[in-house]
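Protein chains in written order, with UniProt numbering: chain Y, 1 to 541; chain A, 1 to 301; chain E, 1 to 363; chain C, 1 to 268.
Quick look at the structure:
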């Protein structure tokens, strides 16, 4: 089928285009204008904005902890509306997730925390998210096997082989590390865990674990740098941890996840202040570092994290007052419902911290748009955040509802920057594709996958981004006027780094001896997933 | 020119009164004796806001059928110039005098949107063992004490429409005849609901004027009514007056104060000048200080 | 050779599927019950329920909700069998039928071995409340058992004494509970394992409270042995598909979760449901309701019915006849179970999908 | 004004959701609009007009003439006014009610008065399990108001009760007052096993208690003033409850396995 998107304003930072032009699609790809051919389908996009489909690099949409959150809070997601497509109104379901993402013009979403032993469930869930492509980052760094390798001083290649084998079995796109060593130390009753604290029994520090994984990712040429959720998340004064972690990266690629949660000083009467400006400056000076924000919005949400130590400590502020604390085989996790409130001093500072990072980190190619869904806010708030980024007035209006003393602990009031659509397109399309080495995504050039989002410009920026005018996935028109018209199912993106297969036998012996089970229990056989050819490989660099 | 009723001269004057804030509570106990004891103790040393922080008195005693817990009780009114002071005085007095009194319980007895804490504050005496109980809109605290539990309503209503400083000046020939008239008036006034007479036995012999020669004194003796100074100052006394006593009235409403004054005047008039008072007057400051003016001529029997 | 019957007579599978679709498609409010099937079977069943605008339930509901209601009304501390095996210096077993419910329990936890990942590997201490007959594997281990005529009161006593609170028990009794409390309080990383028929929801909530109290000063977690027939896998699948666990219905075109309304037995006995699909591929379980309503059964071979269903199709067992994804107690996660004795027996998921294709409105 | 009457034409085949038939939702609607309100819970559409003969009247005073155990959510979220069911009702009657009154002459299903926060629910027959209790993942049960059950209640009456008063004049099933957060539960008939299991605070008064768990400790026999007050306040609605409260009562404090600041009373 030949499709013509006629006369829209194409915003395509990769190809440095911002102009009124036609866009042609055929067989799921963007093609050069075919001279003399008549399109099978044509859309007049005069006055519309055309961008590549958006890519979310960090959103907890599947896996054991996410599903536990669903089961923990049935009272929070009662469906009320008849479905047009199966399960499309089933709140918090995989189906609703795909529907809402697609309606906003997102076409690829990364689930950033899949435990290797829960990879099959995560992929079963991802497979049931319609429309979008997706991927999983695999969590390592609290696992006995890795910590034992480090304790025993094993070689860099042994670590890399283990990482590659695990990633391959679990069908991941990259490696995530969450409070390196902290979850393991929590099993020995540690209640805090710093960058240079040592995991009992193993004698290795958090810093050593991070650096070993960072090295392995680099050695394996995995595109996505190690995605790090570092120590002391959410604790006032933790900016020192974040700054030390940037130092610890030693100039090598590192992705710091949901940086907002690490941008806190401990000044003022409440012992909580924004240190986002200092942190942004450090990020500006460290070209090896990429970050995503983890913006907070004022809403009921549920925090879902494999940082079980932090979640245990946070469980006392659960609202409603219930939580699940899971000591898993490695990280485990904690599910703690939480209500961000405008009248809360701390929440107001958190909200401002995120926006300060957005505004003060200069390079949109190294700054990613996230709420750490659902930890800072549900991904359904994205359109509202775009509005805040693009309008100083919208920020001022939002600030006026917050405690003045909280706003005073931040620099947000003095910031005038307003994002333009080009910067939005870099942050949500071009940069994520580059980060993940997805050469045929995130742009509108010839040969790119025809993931295209068309928006109707509106004074109400939030409305514009909430309901895309049209969305194409692989050249298939799936959203019209903000509503999904039919389902299709995308792929899970994976990497397949090469490694020495000897590690597999070693792992088999390990599982047999330690756990008394065979390691292939954790395999993710594609024939057990509901759609054919569920995976798509992304090349290592 | 004075009016004359049953031979008693009534000044063409008025009592000048001030807005106060006030509340009402009911104190109960296993018997009337201990209910009254708690009430008397709580309303002790509550004659004048000038020195006592609050003005308080017993409004009336209640039989079991009329109290929330079916035990004998006493209704107490307490007044002060500000809500804050009233709150502090209420908690202090209930805490020191009612909580401590054997068998007592304490209930709100005034409706109102604005609330004063009682049990909400006193509960902390329970050291964590206090128990909150709600019934519909009513909220009680149960505080364990050595004879069982002190039950105390969480809050009571606050009125800002209270009136303090209604008064009658009772003037007679001798102390004995003046006191007879005063006692008759007090007894009659005690029958009026919503008003109390905060001074000892309802009577005050040290009526005051505003200010003094001494800078530290806000008020000082009302020399114009002191019989021993009648030649030395500009006196207000007639030749046949050898003694003056005053009754001060605080009420939850302007109406209650007026009713009490009316009842008092009637009792004095009924007694007549032979055995009682020859003249009734009222204290005022020229009408510039207090917004409530109770003209005696309007309160005649 | 696929075994299928219509009204008790042998039938071809196509005819059986067609008849099944007619029965279910004609119903006002059908229910899919049993649900003893793998993730694919659960997924197909839930999708069919959505299409039929019916409801679904699992044969292990009672046990499922005993645990799930605690999790969602109070919270939970959870760990895995691996962690209990490698870390736990104290094991707290609750319920006399744990090893009957999960025969491999002790093999998995290897209680006789010292916990390899403990800081100071010493012999494990084991407490068994409501022990019944203690399995031979535990002979010679440091074991404290407590016979509890009333398990609920026993757990309450343990929790109260762990927190040093007063109880109304004799000195002798209190001494016993204090001994247990001391072991629990001194655990470095303890693991509680509960389940079976003797523990109800409130007792589990009491146990959760005990874990919460212990975690104020030390580490303690646990896991339920759960119900069989892939109940946990079905609940998880239902979770991501609808947001809710089993006992969810689609009568109004969107998922409504209601453990009382969508209890399959209640639905059928009350007459609110007028046709049922029974799925049991792990065991020869049969429906527990009395009422005679049109029934389609996808069951393990040789399943015996008191009353012949309108349609019977025999299906394979996941992990035996065919590969399947299912929840494994061994790991506490959904795993890929390869066929141990691969056969041509049809997959429940495939049959259900074929039935769904024939329902009106299929796309 | 005469009441607004919904007279049942015939027993429904399916459960009905009567939540839309409350005063604040029908006020101002025409007869045709009300008759068109959909009440079905299956794909078979059923409107109010299909099920009831509707007699227009004062929307603040609704009467159901003829009930059904398939009537769910009667009086859901009632804010003011009155609803009378002349017959039985199903699940979750008066759930989320915050004011007004709901009266049922027959018996009701489970979760009656669930999360009720104000007003009066009176059930002349029996109530099912989980009277006043939270549903599924909700953390709090009834949080104010009154429930009077003239017959008996099922298991776990007053589960997670947080505030308010429940009087059951008949018996109660197992675990009355389970997990109570606060509030008052009074049972005049016999009670099932383990009253007050896991209760944190609150008051349970049982005329005929079963054996009580060992995590309730004896605090002696008392005649407490609060009981006298409650007796007086309850007298007009339940003479039996008032009579029970005025007797000398033994006080057990518990559940000491949980917070332990609750109490179970029974006649000495």
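Where is the CB? At the ideal position from N, CA and C, for every residue including glycine.
Using the three-state DSSP reduction, which class does residue 386 of chain Y fall into: helix, strand or coil?
helix
Can you confirm whether residue 3 of chain C, when its beta carbon is compared against all beta carbons of chain E, has any partner nearer than 8 Å?
no
If contacts are defined as beta-carbon pairs under 8 Å, then residue 81 of chain C and residue 60 of chain C qualify, I think. What distance do you get, rounded to the angstrom?
4 Å
Near-chain E residues of the stretch 178-195 of chain C - C-beta to any C-beta below 9 Å
178, 179, 193, 194
Are the C-beta of residue 471 of chain Y and some C-beta of chain E separated by less than 8 Å?
no
Buried or exposed: which applies to residue 363 of chain E, given that a residue is buried once 16 or more other Cβ atoms fall within 10 Å of its Cβ?
With a pLDDT of 39 at residue 363 of chain E, under the threshold of 50, the modelled position of this residue cannot be trusted; read the value that follows with caution. Exposed, since its Cβ has fewer than 16 Cβ neighbours within 10 Å.
Between residue 54 of chain C and residue 192 of chain C, what straight-line distance do the alpha-carbon atoms span, to the nearest angstrom?
42 Å
Interface flag, residue 203 of chain C vs chain A, CB-CB below 8 Å:
yes
Cβ contact check for the stretch 187-196 of chain A and the stretch 277-290 of chain A: 3 or more pairs under 8 Å:
no
Cα separation between residue 186 of chain Y and residue 188 of chain E?
11 Å
Spatial neighbours of residue 42 of chain C within its chain, please: C-beta separation below 7 Å, excluding the five flanking residues on both sides.
14
Alpha-carbon spacing of residue 281 of chain Y relative to residue 405 of chain Y, whole angstroms
24 Å
Contact test: residue 73 of chain C Cβ vs the ligand PLP heavy atom, cutoff 7 Å
Among the ligands in the structure shown, none appear at all, so the ligand PLP cannot be discussed.
Establish whether the CB of residue 267 of chain Y and some CB of chain E are separated by less than 8 Å.
no
Is any beta-carbon of chain Y found at less than 8 Å from that of residue 7 of chain E?
no
So, under 8 Å CB-CB, residue 46 of chain C and residue 16 of chain C are touching, yes? Tell me the CB distance rounded to an integer number of Å.
7 Å
Shorter than 8 Å from the beta carbon of residue 201 of chain Y to some beta carbon of chain E?
yes
List the DSSP bridge partners of residue 17 of chain Y.
Y/12
Beta-carbon neighbours of residue 230 of chain C, restricted to chain A and to distances below 7 Å:
135
Suppose the cutoff is 6 Å on Cβ atoms and the five residues either side in sequence are ignored; what does the same chain contact list for residue 257 of chain C look like?
215
Output the distance between the C-alpha atoms of residue 20 of chain Y and residue 4 of chain Y, rounded to the nearest integer angstrom.
14 Å
If distances are taken between C-alpha atoms only, which option among A/54, A/45, A/11, A/24 comes closest to residue 201 of chain A?
A/45
Tell me, to the nearest whole angstrom, how far the beta carbon of residue 293 of chain E is from that of residue 274 of chain E; I am working on the premise that it is less than 8 Å.
6 Å
Any beta carbon of chain Y sitting closer than 8 Å to that of residue 254 of chain E?
yes
Identify the continuous alpha helix (DSSP H) that holds residue 121 of chain A and give its terminal residues.
119-122
Between residue 117 of chain Y and residue 64 of chain Y, what straight-line distance do the alpha-carbon atoms span, to the nearest angstrom?
10 Å
So, is residue 140 of chain Y buried or exposed, given that buried needs 16 or more other C-beta atoms within 10 angstroms?
buried
Of the choices A/34, A/269, A/121, A/58, whose alpha-carbon is the least far from that of residue 9 of chain A?
A/269
Based on Cα-Cα distance, which residue from E/360, E/341, E/238 lies nearest to residue 327 of chain E?
E/238
With DSSP run on the structure shown, which of helix, strand or coil describes residue 362 of chain E?
Caution is warranted here: a pLDDT of 44 is assigned to residue 362 of chain E, below 50, making its placement in the model unreliable, and the coordinate value is therefore given only provisionally. If DSSP states are grouped into helix, strand and coil, residue 362 of chain E belongs with coil.
Check for me: the alpha helix (DSSP H) holding residue 52 of chain A runs from which residue to which?
49-52
Under 8 Å between beta-carbons, which chain C residues line up against residue 75 of chain Y? List them in chain order, please.
135, 136, 137, 138
Could you check whether the Cβ of residue 151 of chain E sits closer than 8 Å to any Cβ belonging to chain C?
no
Measure the alpha-carbon distance for residue 95 of chain C versus residue 67 of chain E and round it to whole angstroms.
25 Å
In the structure shown, what three-state DSSP assignment does residue 123 of chain Y receive?
helix
Host beta strand (DSSP E) of residue 133 of chain A (start-end)
131-135
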